[in-house]
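Reviewing the structure listed below.
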Amino acid sequence: MSNRAVQSQYSNTLKRSMVIVILVMAFSAFAIMMLTPSSFGSSTSSSAGKSPNETAALKSTKWATNVTAKIGNGSWTFSTDGIPASKFMASYYAIPKDPLNVSAAGASIGATSTEVKAKQYSYTLPLIPKWSSTTTSAPMGPIGVMLSGAVLYNPYEAGGAKTVATSDNFFVTSNGVTASFLDSCNSHPNPFDFHYHGLPTCLVAFATGQKVSVTPVVSNAGTTTAAVKKTNAASKKPVLVGYSFDGYGIYDNIAMNGTTIPVSALDECNGIVSSVPGYSKAIYHYILENVKNEHSSLRCFHGVVSSAYTQALQNMVNNAKGGPPQGGPPPQTSSPSHMNTGRFAATAQGLAANSGKDALLLAQLKSLTKNTPC
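Under full-length UniProt numbering, read the sequence shown as residues 1 to 374, first letter to last.
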């Protein structure tokens with residue numbers, strides 16, 4: 001073989017080797033990219049999709065029968081009696097003796113039929129959420145509305161940041177009945193309403209046409225994410241479970257590629273800009289995670305939210321003499337009639353639910369603020 005032929009063969013071999021190396025490097029880079037949080041979308045670093053029009057999503061939202069969603073001009077109204085259907089609740093719940101110190105010690109068991117009372121709620125939310133670079137803290141009490149007609153709370157119990165609901169779950173057994181503080185859907189009642197603190201498996205099942213089952217949690221093992229993957233196996237896409245008070249959609253933690261979205265991919269409010277069904281471009285929305293810490297629910301809003309639902313209620317409760325800590329519900333009492341603190345919190349919460357327009361509730365609230373003992 002001539003030197004020219006040898007050189008040509010060597011050159012061709014070298015070119016093929018370089019092509020293989022380039023392909024391997026490209027594949028490796030792609031694999032690394034797929035394993036990083038950016039593959040799920042971006043948090044608040046991107047300006048795209050931060051003010052999506054929620055009209056189309058609302059029209060296709062699968063609400064429970066006790067919910068009315070009326071779309072208006074620039075806003076929409078969520079109305080409900082606050083009582084989810086029995087399939088969305090366990091039959092019994094563990095009621096802590098002291099809501100500020102959640103534990104099984106001294107806890108009692110309450111039947112859902114007596115613990116959950118009707119509340120006529122009406123919340124008006126924007127059709128096009130308005131993005132804000134400044135976040136607003138999510139207060140104690142309702143911070144969003146859910147498919148079942150119940151509401152969403154932030155991660156904390158009445159003691160504020162000292163008590164994360166999902167990390168302090170417990171169960172008790174008495175007279176053959178077992179009940180847990182939070183059920184398998186990360187929800188439970190308090191003296192004011194039925195609400196969620198984290199990823200609601202039962203709502204994912206409901207939205208995807210699967211069987212809905214809610215039971216007590218009798219193990220500390222995390223099963224919610226696995227349950228969501230199972231109930232969402234048909235579509236393997238994000239599932240809308242509710243809306244926050246700033247108007248943004250709230251979804252489960254499944255990405256469009258069927259993988260689980262990690263907490264590390266979210267911003268400080270559990271938000272992300274990523275693709276969801278029904279939108280041609282990625283949009284900003286919130287994610288509920290299956291974690292036993294403060295990332296289980298929203299701790300803040302990244303959109304503009306009405307003060308009727310946040311600061312006004314927070315200030316009234318915080319400034320009330322003897323009012324409950326940080327706006328949370330007061331300790332339960334065995335007495336049928338609540339103390340002034342209980343009436344105050346209930347009235348304040350009712351006023352917020354009516355956008356501050358209920359004159360009678362406002363008058364009662366002012367009276368309670370003035371007369372609540374030190």
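C-beta atoms are modelled at their ideal positions from N, C-alpha and C, and glycine is treated no differently.
On a predicted model such as this, the values are computed, not experimentally measured, just so you know.
message: Can you tell me whether S297 is buried or exposed? The criterion is at least 16 other CB atoms within 10 Å of its CB, across all chains shown.
response: buried
- request: Going by CA-CA distance only, name the one from S113, Y248, S280 that's closest to L127.
  value: Y248
message: Quick check: T77 and T65, are their CB atoms within less than 9 Å of each other?
response: It is not a contact, given that the beta carbons lie outside the stated cut-off.
field: C-alpha distance - A165 paired with Y121, whole-angstrom precision
entry: The alpha-carbon separation between A165 and Y121 amounts to approximately 24 Å.
- prompt: Going by the CB atoms, is the gap between Y309 and F245 shorter than 9 Å?
  reply: yes
In DSSP terms, what S79 is bridged to: DSSP lists T68, S122 as partners of S79.
- prompt: To the nearest angstrom, how far is it from the Cα of V172 to the Cα of D98?
  reply: 15 Å
- request: For E54, name the three-state secondary structure that DSSP assigns.
  value: coil
message: I believe V177 touches I109 by the beta-carbon criterion, under 8 Å. Please report the beta-carbon distance rounded to the nearest angstrom.
response: 6 Å
- request: Go ahead and pull the three-state DSSP assignment for E289.
  value: coil
- request: Grab the span of the alpha helix (DSSP H) containing T114 for me, first residue to last.
  value: 112-115
field: Beta-carbon spacing of H195, P52 below 9 Å
entry: no
message: So, with DSSP's three-state summary, where would you put L182?
response: coil
query: Is it the case that the Cβ atoms of Y93 and S174 are separated by a distance below 9 Å?
result: no
message: To the nearest angstrom, how far is the alpha carbon of F192 from that of K292?
response: 24 Å
field: Beta-carbon separation (whole angstroms), E54 vs T135, contact threshold 8 Å
entry: The beta carbons of E54 and T135 sit about 20 Å from each other, so the pair does not count as a contact at 8 Å.
task: Go ahead and pull the three-state DSSP assignment for H197.
output: coil
message: Give me the residue from R299, V239, L182 with the minimum Cα distance to V214.
response: L182
DSSP state of F245 mapped onto helix, strand, coil: Coil.
- prompt: Is Y123 near M140, with beta carbons less than 9 Å apart?
  reply: no
- prompt: Would the beta-carbon of P84 fall within 9 Å of that of S184?
  reply: no
task: Would you tell me roughly how many angstroms separate the C-alpha atoms of G258 and T80, rounded to the nearest one?
output: 32 Å
message: Tell me the rounded alpha-carbon separation between M89 and G303.
response: If I take the Cα positions, the gap works out to 30 Å.
- request: Using 10 angstroms around the beta-carbon of K211, count the other beta-carbons present and answer buried if the total reaches 16, otherwise exposed.
  value: exposed
task: Let me know if K236 comes out buried or exposed under the rule of 16 or more other beta-carbons within 10 Å of its beta-carbon.
output: exposed
message: So if DSSP puts T136 in a beta bridge, which residue, or which two residues, is it bridged to?
response: F301
message: Taking 9 Å as the threshold (C-beta atoms), are G144 and K119 in contact?
response: Not closer than 9 Å, so no.
- prompt: Taking Cβ positions, are P200 and D252 nearer each other than 9 Å?
  reply: yes
query: In whole angstroms, what is the alpha-carbon distance linking M169 and N73?
result: With the sequence shown as reference, residue 169 is identified as Asn, and Met is not the correct amino acid for it. Per the coordinates, the alpha-carbon of N169 lies some 42 Å from the alpha-carbon of N73.
task: Might you give, ordered along the chain, the residues of its own chain that have their beta carbon closer than 7 Å to the beta carbon of S103, omitting 5 neighbours on each side?
output: So the list reads P96, F170, once near-sequence residues are dropped.
Nearest to L125 (by Cα), restricted to the options K62, Y243, S274, S137: The candidate whose alpha carbon is nearest that of L125 is Y243.
field: For G144, the first and last residue of its enclosing beta strand (DSSP E)
entry: For G144, the enclosing beta strand (DSSP E) starts and ends at 144-146.
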